[in-house]
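Here is the structure we will look at.
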Amino acid sequence: MSQVNEYEREPIPEHAQKGPKSFWGMYAGEHTAGTEFMIGPLFLAAGASIQDLILGLLLGNILAVLTWRYLVVPIAMSKRLTLYYQLERIAGSGAVKLYNIVNGLLFCFLAGAMITVSASAVGIPFNIMYTTPEATFGLGAPSFTVIVLLVGAVITIVASRGYDQVARFANIAAPWMIIIFIACGLVSLTQMNANSVSALAEGDFWANAVAFVQEHNGAQSFPFWQIVVFAWLCNGAMHFGMADLSIFRFARSKSSGWAPAIGMFLGHYVAWICAALLLAAQIKLSQDATANPGALAWNALGWTGMVCVVIAGWTTANPTIYRAGLAFQGMVPGSKRTTMTLVAGIVATIAGAFPNLSGQLLGFVGTYGTVLGPMGAVIFVDFWLMKKIGLQDEYATVTGASFNFTVLFAWLLPVGVGLWLIFQQGIFAAYVVIPCWIASAILYPLVSQFTQKKVAA
Amino acid sequence: MKINKLIALIGLFITTLGPILTFANVISISQNKLVLIIGMVLWFIGATPWLGREELKPSDTEVEI
Chain A
1 MSQVNEYERE PIPEHAQKGP KSFWGMYAGE HTAGTEFMIG PLFLAAGASI QDLILGLLLG
61 NILAVLTWRY LVVPIAMSKR LTLYYQLERI AGSGAVKLYN IVNGLLFCFL AGAMITVSAS
121 AVGIPFNIMY TTPEATFGLG APSFTVIVLL VGAVITIVAS RGYDQVARFA NIAAPWMIII
181 FIACGLVSLT QMNANSVSAL AEGDFWANAV AFVQEHNGAQ SFPFWQIVVF AWLCNGAMHF
241 GMADLSIFRF ARSKSSGWAP AIGMFLGHYV AWICAALLLA AQIKLSQDAT ANPGALAWNA
301 LGWTGMVCVV IAGWTTANPT IYRAGLAFQG MVPGSKRTTM TLVAGIVATI AGAFPNLSGQ
361 LLGFVGTYGT VLGPMGAVIF VDFWLMKKIG LQDEYATVTG ASFNFTVLFA WLLPVGVGLW
421 LIFQQGIFAA YVVIPCWIAS AILYPLVSQF TQKKVAA
Chain B
458 MKINKLIALI GLFITTLGPI LTFANVISIS QNKLVLIIGM VLWFIGATPW LGREELKPSD
518 TEVEI
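Residue numbers (this note's numbering), protein chains in the order written: chain A, 1 to 457; chain B, 458 to 522.
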């Protein structure tokens with residue numbers, strides 16, 4: 001635990017810095033999470049072709065790795081501070097609390113989706129199935145809702161005791177989970193008789209599944225560039241939003257910035273495609289297009305698949321609820337972390353009881369990047385530009401302000417417009433991340449020209 | 458520690474081998490399910506004492522997508 005909780009408000013000293021090998025090991029187990037069981041099948045359900053998926057994910061993941069390497073790492077290695085402390089120095093402690101609470105609420109939704117994923121597997125032995133009602137806020141079957149409440153209660157109680165033990169368990173399970181995702185793909189191909197070079201080359205196993213979904217759910221499309229943008233920006237909060245400053249501040253060498261490649265290509269390439277193949281196999285075998293992660297894994301791998309889905313959902317939900325609890329604790333002075341983690345867990349469990357919310361994960365991760373990404377633009381401009389154009393960097397630290405209202409304006413105005421575009425105009429959420437980021441990057445120095453007062457050097 | 462590591466790696470090897478043999482039509486899908494259970498049990502028996510003692514990393518506190 002030592003290095004995880006240390007150096008929260010100071011630069012990482014030289015002796016605590018880590019070489020590239022540590023980062024490759026660190027990222028190998030990241031991004032192969034419970035979300036992958038939901039996101040993979042959603043590509044097929046949205047009508048993506050297999051060629052577009054293979055090439056689009058390849059390009060999108062390359063762009064994501066380049067963003068980590070060239071956007072995050074130089075600032076992380078220069079400042080060696082956490083995202084939160086760096087934001088505090090620029091925007092003030094009050095603004096960081098606001099950022100944290102927004103982050104916490106988004107985490108609750110994500111944890112809710114993971115509770116649904118775990119519950120979908122826990123219900124299998126009891127023949128309790130995950131069904132999606134028509135209304136977004138419609139409940140599933142009463143028995144499924146009971147399972148969600150039980151799973152949510154267990155995950156919340158464990159999270160309230162700290163993330164330590166579950167984080168260790170997640171590290172133990174990570175290498176095995178990657179193999180299980182690959183197993184899902186191989187067995188699914190076998191179930192579809194697509195285990196020969198000719199069948200794989202023809203690709204009928206995929207095209208037939210897409211045709212089935214389109215026939216039943218109506219025509220949809222998920223073209224190449226949409227896949228590229230989604231793969232690039234689904235972790236927008238981590239790279240464009242600079243959340244991974246907290247990780248790369250430990251980097252001794254800039255080449256560590258290539259390490260997310262292993263997480264991306266195992267989790268957001270191999271795991272997504274393999275999870276999508278599970279749904280294609282289910283459609284071929286039982287003409288059922290329901291993306292129920294527990295049932296999908298059960299059909300392919302039996303008990304092992306079911307255990308993997310439970311572990312994947314649980315180990316993803318646990319740190320998420322813990323983090324949300326910390327965010328809520330920061331908002332309520334004098335509150336206990338345990339109590340606030342329980343509050344976060346209750347919110348997440350309620351979200352998890354609505355199965356349709358987890359089915360909207362493609363939109364959610366784009367919205368997540370849209371909301372949190374622009375704060376990364378503020379950090380980027382503060383680091384590279386402010387001094388060069390004659391403005392004060394780390395303004396809140398210099399002035400002692402708890403709210404730098406210029407930062408709030410530069411963050412919230414583009415985010416407000418972005419959310420309007422997503423929810424009112426129906427724009428695909430991942431498309432909005434970069435325009436919002438650029439708008440914040442322009443607004444922050446522009447408005448600062450008028451709002452910054454001269455500070456004695 | 459060495460024996461734990463060995464048990465875990467054997468478990469991981471079995472977990473890898475089962476789906477490959479299934480893909481190659483050497484074993485059936487139901488036989489593979491049994492192979493995977495054996496692999497899973499061996500992995501967690503060996504990996505829990507082996508990897509469970511390792512120090513947590515900075516990324517372990519971060520939220521994954």
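Beta carbons are placed, not taken as given, at the ideal position from N, Cα and C, and that holds for glycine.
If I measure Cβ to Cβ from residue i and keep anything under 6 Å in the same chain, skipping five residues before and after, which residues do I get?
i	result
Arg80/A	Pro11, Ile12, Arg249
Ile283/A	Ala209, Phe212, Ala289
Leu63/A	Trp232
Ala439/A	Pro414
Gly418/A	Thr370, Val432, Cys436
Ala430/A	Val229, Phe230, Leu233, Gly366
Leu87/A	Val96
Leu469/B	Trp500
Ile75/A	Phe383
Tell me the rounded alpha-carbon separation between residue i and residue j.
i	j	result
Gly19/A	Ser253/A	6 Å
His268/A	Leu361/A	14 Å
Ile467/B	Gly496/B	8 Å
Tyr444/A	Ala295/A	48 Å
Val425/B	Ile486/B	Because chain B spans 458 through 522 in this model, residue 425/B falls outside it and cannot be assessed.
Val433/A	Ala199/A	38 Å
Gly92/A	Gly400/A	8 Å
Ser402/A	Ala237/A	23 Å
Ala201/A	Ile179/A	24 Å
Phe450/A	Thr32/A	46 Å
Ser448/A	Pro333/A	31 Å
Gln17/A	Arg168/A	21 Å
Ile155/A	Leu301/A	24 Å
Ala219/A	Thr473/B	37 Å
Tyr163/A	Leu326/A	11 Å
Lys514/B	Gly475/B	32 Å
Phe224/A	Val310/A	32 Å
Ile464/B	Val187/A	25 Å
Leu357/A	Val73/A	34 Å
Ser335/A	Met242/A	28 Å
Leu71/A	Ile471/B	41 Å
Trp500/B	Met331/A	42 Å
Met1/A	Phe364/A	Caution applies to Met1/A, whose pLDDT of 40 falls short of 50 and renders its modelled position unreliable; the model cannot decide the point.
Ile525/B	Ala174/A	A question about residue 525/B goes unanswered here, because the residues of chain B that appear run from 458 up to 522.
Glu521/B	Cys184/A	21 Å
Measure from the alpha carbon of residue i to the alpha carbon of each residue in the options, then state which is nearest.
i	options	result
Thr145/A	Glu134/A, Thr116/A, Pro125/A	Thr116/A
Arg89/A	Glu8/A, Leu150/A, Thr370/A	Glu8/A
Ala324/A	Asp382/A, Ser188/A, Arg337/A, Gly152/A	Arg337/A
Phe240/A	Phe428/A, Trp68/A, Ile442/A	Trp68/A
Ala341/A	Ala135/A, Ala410/A, Phe328/A, Pro125/A	Sequence inspection shows Thr at residue 341/A; the Ala mentioned does not correspond to that position. Checking every option, the nearest Cα to that of Thr341/A belongs to Phe328/A.
Phe222/A	Ala48/A, Gly203/A, Ile389/A, Ala135/A	Ala48/A
Val197/A	Ile522/B, Ala481/B, Ile460/B	Ala481/B
Phe205/A	Ser22/A, Gln51/A, Ala429/A, Glu134/A	Gln51/A
Leu343/A	Gln17/A, Pro74/A, Phe107/A, Ala16/A	Inspection of the sequence shows that residue 343/A is occupied by Val rather than by Leu. Nearest C-alpha to Val343/A: Phe107/A.
Asn127/A	Gln392/A, Asn292/A, Leu372/A	Asn292/A
Gly257/A	Phe23/A, Gln17/A, Ala16/A	Phe23/A
Ala348/A	Ser335/A, Phe409/A, Trp314/A	Trp314/A
Phe405/A	Phe423/A, Ala46/A, Lys453/A, Phe428/A	Lys453/A
Leu149/A	Gly345/A, Ile442/A, Lys387/A, Leu385/A	Gly345/A
Leu105/A	Trp420/A, Ala194/A, Tyr368/A	Tyr368/A
Looking at residue i and the ligand ZN, is the gap between the Cβ and the nearest heavy atom below 7 Å?
i	result
Val151/A	As presented, the structure is devoid of all ligands, the ligand ZN included, so that no description of it is given.
Using a Cβ-Cβ cutoff of less than 7 Å, which residues in the same chain neighbour residue i once the five nearest sequence positions on both sides are dropped?
i	result
Ser246/A	Thr82, Leu83
Leu44/A	Ala209, Val210, Val213, Ala276, Leu279, Ala280
Glu14/A	none
Trp411/A	Pro374, Met375, Val378, Ser440
Asn461/B	Gly503, Pro506, Trp507
Lys151/A	Per the sequence presented here, residue 151/A reads as Val, with Lys not at that position. These residues qualify, in order along the chain: Ile115, Ser118, Ala119, Val122.
Tyr85/A	Glu8, Arg9
Ile389/A	Pro445
Met306/A	Ala121, Ile124, Gly294, Ala297, Trp298
Val407/A	Ile90, Ala91, Ala95, Val378, Tyr444
Gly56/A	Phe224, Ile227, Val228, Ala231
Glu519/B	none
Beta-carbon within less than 8 Å of residue i's beta-carbon, same chain only, minus the 5 sequence neighbours each way: which residues are those?
i	result
Glu36/A	Phe181, Gly267, His268, Ala271, Trp272, Ala275, Ala312
Glu394/A	Arg89, Ile90, Asp382
Ile147/A	Ala119, Val122, Gly123, Phe126, Ile128
Worksheet entry | Cβ pair count under 8 Å reaching 3, the region 319-328 of chain A against the region 147-165 of chain A | The region 319-328 of chain A makes contact with the region 147-165 of chain A: 3 or more CB pairs, one atom from each, lie closer than 8 Å.
Item to complete: Examine the Cβ distances between the region 89-98 of chain A and the region 129-143 of chain A and report whether three or more of them are shorter than 8 Å.
Response: Cβ pair count under 8 Å is below three, so no.
Practice prompt. Taking 8 Å as the threshold, find out whether the region 254-268 of chain A comes into contact with the region 24-41 of chain A through three or more Cβ pairs.
Written response: Flag = yes, the region 254-268 of chain A and the region 24-41 of chain A touch.
Fill in: Length-filtered (4 minimum) alpha helix (DSSP H) runs lying within the region 362-424 of chain A
Fully enclosed alpha helix (DSSP H) runs of 4 or longer: 395-399, 405-423.
Worksheet item: Of all the alpha helix (DSSP H) runs that stay within the bounds of the region 138-180 of chain A, which reach a length of 4 or more residues?
Response: Qualifying alpha helix (DSSP H) stretches, in chain order: 142-160.
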